[in-house]
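A short worksheet on the structure shown next.
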Amino acid sequence: MKNYKHNINSEIAFIHLISKKKQTMVAALGVTVGIAIFIFMNSLMYGFEVYSVESLFKSTPHLRIYKEEHISQPLIKTSKTDLALLTNPKITKESKKLINPNLIIEALKKQPEVIGVTPNVSVNVFYNNGEAQVTGRTSGVNIEEQNTMFQLEQYIVEGKYSDLKANQNGIILGVGIAEKLNVRLADNISVTTAYGVSKVMKVVALLKTGVTNTDKTLSYTNISAAQQLNKQGASFITDIYVNINDYETAKKLIPKFKQLSGYEVEDWETANTSAAAANKIRKMMAMAISFSIMLVAAFGIYNILNMTIMEKLNDIAILKAIGFSGKDVIRIFVKEAIVIGLIGIAFGLVLAILLVKVMGNMWVGGDIGFFPIRFFPKFFGLGIGFGLIVTTLAGYIPARKAAKLDPITIFRK
Amino acid sequence: MIQSELLLQAKEVSKYFYEPEKFKVLNNISFDIHKGEFVTMVGKSGSGKSTLLYLLSTMDTDYEGNIILDGENLTLKTKEQLAAIRNEKIGFVFQFHYLLPEFSSLKNVMIPALKLGKYAKEEIESRAYSILEKLDLKDQALKPASKLSGGQQQRVAIARALINDPKIIMGDEPTGNLDSKNAAIVFDLFKHLTTEFNQTVLAVTHDNDFAKASDRIIEMADGIIL
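Order-wise, the sequence lines are chains A and B.
Letter 358 of the first sequence, counting from 1, is numbered 358 in my numbering, and no numbers are missing.
Numbering-wise, my numbering comes out as the position in the second sequence, counting from 1, plus 1000.
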């Protein structure tokens, strides 16, 4: 008998929406604000987190392979019955050296999660210019590889990082050191080490990472220069720096890389315990705030849709009296909620983009520059998903409540 | 009276109100309504007549006993099935013209038929127009329901009750909220429906003239039929 399927539920939903345009827009606006703030706050928190992690990775690799310094062991083992043997244990100098580093580097490069590997010769030095002396650490690096791994280029404020290749005795100085020594580009400084080596080096570029402590101590030289400063030969490598595709997984890869290299492996979190802890706190705070925003936004959206439906209670009773079932009522109001949700989400996305743009153009100065907020597609995706789920539920729950009532129960009120 | 087909049967129907305290508002009520009858229910306020009408119209499902409409026991149906029965077999007219205010008069009349889906949309529209024309409302067809006068709204509500050719039309004081002129129009309409189209009508009323003109009067007091 029922030959025709008229889409009467959709039609009723549509008429409800357009006959009360103002109310529809207010409800949609509730969704808009909720979604926009949700996306904006998450972008804010996450942007700052990314910024702080990135500033950490300006000079720290995700993983570092090195040889643990050993205390020299006496050749003769003492036992309880023998006479006491006096020894003078020291850190062995040879112990810092990685044996056959190229083989390790090749093996590491073959790992799927590895995106960058570079050898490093680290040495503690004094930078001297006349009377002025500054202590610090120089890193002997392959400057091209170093640049791809740490985006060195971004932090060079004067000169060109690639000039290091052309000058075997070149040095890239942190701006803090240059300031203290009162040197400029193309000036010569003398670099001395505890091994008694003194080298005159030419400043080819100045580096400013924004991390004051790094800028006041760190310099980059060629590997060969650093080897000389260490009084070592061409095969001397102290560390291998490894970057992986997801720095969050660094800790999990330690055992694998340990086995692969046969040396100690340290992840960035262990190397920067306090920074990593601060990062963790920030992350937890971000999650707590994001969750609270979600809760508040969800409640706001639910409230406004609930109100819209409660105002239509009389209509619901009429519809039921003329033969619409509870399911029909639910369908009508869920449809309305979804349309309100979609309108709200669309505006919410636009508002979020605007907010992120405006915030991102704010100059904070200092080491930070512009406010570290960025577009993260995942939050826009989350915002859409969250908005749809909340609006659907916010339509469904009160509609189901109303749908269960006998029409007379509603009329009697 | 000619023995005709049984349409609506109440079998020992009882109902309680629970607030403010438990109170038996309907006490073992049984009666039959035959096809084509124009029946009115009268009684003092609180006698349970409207309550009984709501039970019969399936809009209230909280009762004891059985109600049988057109051979189907309504007591055994789910709420979804009852909604379908209301849609197809029962036309209900309230005391206050319960129309959907955002829709035109025409749409209000069409909605139950669109829900039923027995005819194509164009056919439903022309049927709705012809009913509105009979009720002298053709000019008002495209106006929003909320812009009509009380009497007009009540006639639109009657047109809506008629659109699906229901087995029975039920009215809860359909003239109670109208002035005498409009009440007379509505009354004549019901009378016309029963005599001309063999339509069954069951109406609750306070209006004695209305009741006297019907085929049968069911008088109620304190939850029982006198």
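Beta carbons: idealized from backbone N, C-alpha and C, even for Gly.
Chain A contact for residue i (CB, 8 Å cutoff)
i, result
"B/Ile1067", "no"
"B/Tyr1016", "no"
"B/Glu1080", "yes"
"B/Lys1121", "yes"
"B/Tyr1054", "yes"
"B/Ala1083", "yes"
Partner residues on chain E for residue i, Cβ-Cβ distance less than 8 Å
i, result
"A/Ile8", "The displayed structure is made up of protein chains A and B, and chain E is not among them."
Whole-number beta carbon distance between residue j and residue i, since they are thought to touch under 8 Å
i, j, result
"A/Ile254", "A/Pro101", "Actually they do not touch by this definition, with Cβ atoms about 19 Å apart."
"B/Ala1141", "B/Leu1106", "4 Å"
"A/Asn9", "A/Arg331", "5 Å"
"B/Leu1000", "B/Leu1082", "In the structure as shown, chain B begins at 1001 and stops at 1226. Residue 1000 of chain B is therefore absent and cannot be evaluated."
"A/Phe319", "A/Val334", "For clarity, residue 319 of chain A is Leu in the given sequence; the question names Phe instead. Incorrect: roughly 14 Å between the Cβ atoms, too far for contact."
"A/Ile172", "A/Ala205", "4 Å"
"A/Ser219", "A/Thr138", "5 Å"
"A/Val203", "A/Val125", "In fact, because the Cβ distance is near 14 Å, the residues do not count as touching under 8 Å."
"A/Val197", "A/Lys231", "6 Å"
"A/Phe379", "A/Met294", "Not quite, the Cβ-Cβ distance comes to about 11 Å (not below 8 Å), so this is no contact."
"B/Ala1161", "B/Gly1091", "3 Å"
Chain B contact residues for residue i, given Cβ-Cβ distances below 8 Å
i, result
"A/Tyr396", "Simply none; closest approach about 17 Å."
"A/Ile309", "Within chain B, no residue comes near A/Ile309; the closest Cβ sits about 15 Å away, beyond 8 Å."
Chain-ordered neighbours of residue i on chain A, where CB pairs are closer than 9 Å
i, result
"B/Asp1060", "Asp406, Pro407, Ile408, Thr409"
"B/Asn1087", "Ile322, Gly323, Phe324, Ser325"
is_contact[residue i, chain B] using C-beta, thresh 8 Å
i, result
"A/Tyr4", "yes"
"A/Ser19", "yes"
"A/Leu393", "no"
"A/Lys401", "no"
CA nearest to the CA of residue i, picked from the options
i, options, result
"B/Asp1136", "B/Asn1066, B/Phe1103, B/Asn1182, B/Gly1091", "B/Asn1182"
"B/Ala1221", "B/Gly1171, B/Ile1169, B/Ser1047", "B/Ser1047"
"A/Tyr241", "A/Val114, A/Phe40, A/Asp163", "A/Val114"
"A/Gly360", "A/Pro61, A/Phe375, A/Arg331, A/Glu11", "A/Phe375"
"B/Gln1154", "B/Ala1083, B/Ser1214, B/Gln1095", "B/Gln1095"
"B/Ala1084", "B/Pro1101, B/Phe1023, B/Pro1166", "B/Pro1166"
"A/Leu351", "A/Gln23, A/Thr32, A/Ser19, A/Asn9", "A/Thr32"
"A/Met287", "A/Leu44, A/Met362, A/Lys165", "A/Leu44"
"B/Thr1195", "B/Ile1033, B/Thr1175, B/Phe1038", "B/Phe1038"
"A/Val141", "A/Glu68, A/Phe380, A/Asn169, A/Leu313", "A/Asn169"
"A/Ala271", "A/Asn120, A/Pro61, A/Ser19, A/Thr24", "A/Pro61"
"A/Ala297", "A/Glu264, A/Ala250, A/Thr391, A/Val265", "A/Thr391"
"B/Lys1212", "B/Ser1030, B/Val1013, B/Thr1040", "B/Thr1040"
"A/Ile408", "B/Leu1052, B/Leu1114, B/Ala1120, B/Ser1180", "B/Leu1052"
"A/Phe324", "B/Gly1043, B/Ile1111, B/Thr1075", "B/Ile1111"
"B/Ala1113", "B/His1206, B/Glu1125, B/Ser1014", "B/Glu1125"
"A/Asn120", "A/Ile143, A/Tyr127, A/Thr135, A/Asn129", "A/Ile143"
"A/Ile368", "A/Ile65, A/Leu56, A/Thr24", "A/Leu56"
"A/Tyr66", "A/Asn188, A/Ile104, A/Glu54", "A/Ile104"
"A/Asn279", "A/Val50, A/Trp363, A/Ser19, A/Ser122", "A/Val50"
"A/Ser162", "A/Asn222, A/Val117, A/Lys110", "A/Asn222"
"B/Val1013", "B/Gly1043, B/Lys1035, B/Leu1074", "B/Leu1074"
"A/Val26", "A/Asn303, A/Leu405, A/Gln73", "A/Asn303"
"A/Gly395", "A/Ile301, A/Thr209, A/Lys97", "A/Ile301"
"A/Val157", "A/Gly136, A/Met285, A/Ala107, A/Gly210", "A/Gly210"
Contact set between residue i and chain B, taken where Cβ atoms lie within less than 7 Å
i, result
"A/Asp315", "Leu1100"
Chain-ordered chain A contacts of residue i [CB-CB under 8 Å]
i, result
"B/Phe1092", "Ala321, Ile322"
Neighbouring residues, chain A, relative to residue i (Cβ below 7 Å)
i, result
"B/Ala1010", "Going along chain A, no residue has its Cβ under 7 Å from B/Ala1010, so there is no contact; the nearest lies around 17 Å."
"B/Phe1103", "Ile15"
"B/Arg1160", "Ile322"
With 7 Å as the C-beta to C-beta threshold (strictly closer), list the residues of the segment 313-340 of chain A near chain B in chain order.
Asp315, Ile318, Lys320, Ala321, Ile322, Gly323, Phe324, Ser325, Gly326, Lys327
task = Name, going along the chain, the residues of the segment 15-44 of chain A whose beta-carbon falls closer than 7 Å to a beta-carbon of chain B.
result = Result list: Ile15, His16, Ser19.
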